[in-house]
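Worksheet: the structure to be examined is printed underneath.
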Amino acid sequence: MKFDTILEYQNIDRELLALENEFSKSKERAVYVAAKSKLESATETVGKLSHEAAELLSNYNKLSARAEELKAKLDEFDGILDGVADVNEADYYIRQIGAISDEIAALERDAAKDGERIDSIGAEYKKTWEVGKKASDAYKEAYAAYNAAAAAIQPKVKELQTKLATLKGKVPTEFMEAYMSLRAAKKTPAFVAYKPESGTCGRCFMEVSGATRSKLKNPGDYAECPNCRRILYIPEE
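Numbered according to full-length UniProt numbering, the sequence shown spans residues 1 to 237.
Have a look at this one:
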C-alpha cells in the first residue's frame, strides 16, 4: 500500500509532537522560563547600573578636577584689587573673579548631582543584587527540575526518533518533501483521508475544486487540497 509508510511516519511524528508539546506546557518548564527571565532581568539591571555608575564617577572626577583647577586660578586673584586705582581695571578683575566663581559653583552643583545619583545607584545596586541572588538560587532549582523532567521523557523521545529515522528512508521522496513542508507550516496531519462522496477536505473542511476532485476517484489516488495544501488521499483496500 503506497500510503502505509508515510501514514505510519505521520502517526509516530504526531505522537512525538504531542509529547514535546506536553513538555513545553509543563509546570517545570513554565517555572524554569520564569526563573530564567527574572535572573536575566536582574543581571541586565545590575549591568546597566554598573555602567551608569562608572560613567557618572568618571564625569564626577572630571568636574571635581576642573573645579579644583578653577579654584587654583581664583587663588591667583587674591589681593589683586589691592592698590588698583583704575575703575575699569578693577571692574575687569571683578568680572573675571565673578565668572570663575560662577563656573566653580555650576561645576560643584553638577558634581553634587552626580554624587547623589551615584549614592542612589549604590542603593539600587545592592537591592538588585539581592534580588539577583535569590533569582539565581530559584533558577538553579528550576533548572534542575526542568532537566529532570526533560530526562524523564528522553527515552520515549529517542525511541520515537529512532522509529522515524528508520521509516524516513522508506517513504517516497515526493511524500516526505510534502510532509516536511506541511509540518514546517504547522499543518498536521499532513496526509488526510478523502471521501469522494463528501467532496470536502477532511481537515480544513473546505469544498475542493472540480479539478482536484477529478484526481481523487479511486483508492490510491492523491492530490493537494487547493485550500489548506494538505495531501488528500483515498485509502487503498
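Even for Gly, the Cβ is constructed at its ideal location relative to N, Cα and C.
query: Beta-carbon spacing of V171, R230 below 9 Å; result: no
query: Whole-angstrom C-beta distance between L39 and residue 250, which should lie under 8 Å; result: Not covered by the structure: residue 250. The range shown for the chain is 1 to 237.
query: Whole-angstrom distance between E177 and V208, CA atom to CA atom; result: 22 Å
query: Residues bridged to T43 [DSSP beta-bridge criterion]; result: Answer is none; T43 lacks a bridge partner.
query: Rounded separation between P155 and A185 - CA only; result: 27 Å
query: Spatial neighbours of G220 in its chain, beta-carbon cut-off 7 Å, leaving aside the 5 residues before and after; result: K2, I234, E236
query: Beta-carbon proximity check, A53 vs G122, cutoff 9 Å; result: yes
query: Distance between K158 and L56 (C-alpha atoms, nearest Å); result: 55 Å
query: Distance between L160 and E174 (C-alpha atoms, nearest Å); result: 22 Å
query: Cβ-based neighbour list, E141, same chain, cut-off 8 Å, excluding 5 preceding and 5 following; result: A35
query: Best match in N88, E116, N227, Y92 for proximity to K187 [C-alpha to C-alpha]; result: N227
query: Rounded separation between C201 and L167 - CA only; result: 26 Å
query: Whole-angstrom distance between A165 and A151, CA atom to CA atom; result: 21 Å
query: Where E224 sits in the DSSP three-state scheme; result: strand
query: Residue closest to T162, alpha-carbon to alpha-carbon, out of L7, L16, I6; result: L16
query: Residue environment, L232, which counts as buried when at least 16 other CB atoms sit within 10 Å; result: buried
query: With 16 other Cβ atoms within 10 Å as the buried cut-off, status of L81; result: exposed
query: Beta-carbon proximity list for C225, same chain, < 8 Å, skipping 5 on both sides; result: V192, C201, R203, C204, M206, V208, T212, I231, L232
query: CA-to-CA distance, A18 to Y32, given in whole angstroms; result: 20 Å
query: Cβ-based burial, A42 [other Cβ within 10 Å; buried from 16]; result: buried
query: Top-ranked residue by Cα proximity to F23, from Y146, A223, E116; result: Y146
query: Length-filtered (4 minimum) alpha helix (DSSP H) runs lying within the stretch 136 to 214; result: 173 to 184, 210 to 213
query: Where A112 falls, given that 16 or more other Cβ within 10 Å makes a residue buried; result: exposed
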